[in-house]
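Residue numbers (the numbering used here): 4 to 126. Every residue gets a Cβ at the ideal spot worked out from N, C-alpha and C, and that includes glycine. Structure, as structure tokens:
Put into structure tokens, the structure is as follows:
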């Protein structure tokens, strides 16, 4: 169910992917519940996105969910590099929110359908 979200910077491609562990780390970095942040975005749309698009939110989200980070990864440098290549922090915030939603932990999943029971003919 989990899907990654791709961030493209120039010719390079980066993947954001959140698991339960990385989401907990995200909350620790952020110092608040992700449930309240994501609920605000899901309920209020663009207004909720603007409210959550803080630098702290973006840095925390990148630290927690960016795959294949080198040991010396600096989220601030990543944001600078993204913006220097024509992006902006609003786009980064949207990527992070999209990746959190794609984790499947903040939306209702599709229940498994059980096969209908066959009636036995009684004679």
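Beta-carbon to beta-carbon, residue 18 and residue 25 are separated by about 12 Å, too far to satisfy the 8 Å threshold.
In summary, residue 70 is exposed, with fewer than 16 beta-carbon neighbours lying within 10 Å of its beta-carbon over all protein chains present. Here the stretch 54-63 makes contact with the stretch 89-107; the two share three or more CB pairs at distances below 8 Å.
According to DSSP, residue pairing for residue 11 in a beta bridge involves 16. By DSSP's assignment, residue 69 forms a beta bridge with 19.
By the CB criterion at 8 Å, residue 33 and residue 76 fall outside the cutoff. Residue 29 is positioned such that its CB atom lies closer than 8 Å to that of residue 68. Each residue's CA atom was taken as its position, placing residue 91 and residue 66 some 18 Å apart. Assignment of residue 77 by DSSP, reduced to helix, strand and coil, places it in the coil class.
Going by beta carbons, residue 82 and residue 37 fall outside the 8 Å limit. In this structure, the straight-line span from the alpha carbon of residue 11 to that of residue 84 is close to 11 Å. Apart from sequence neighbours up to five positions away, the residues of its chain that approach residue 86 with a beta-carbon distance below 8 Å are 92, ordered along the chain.
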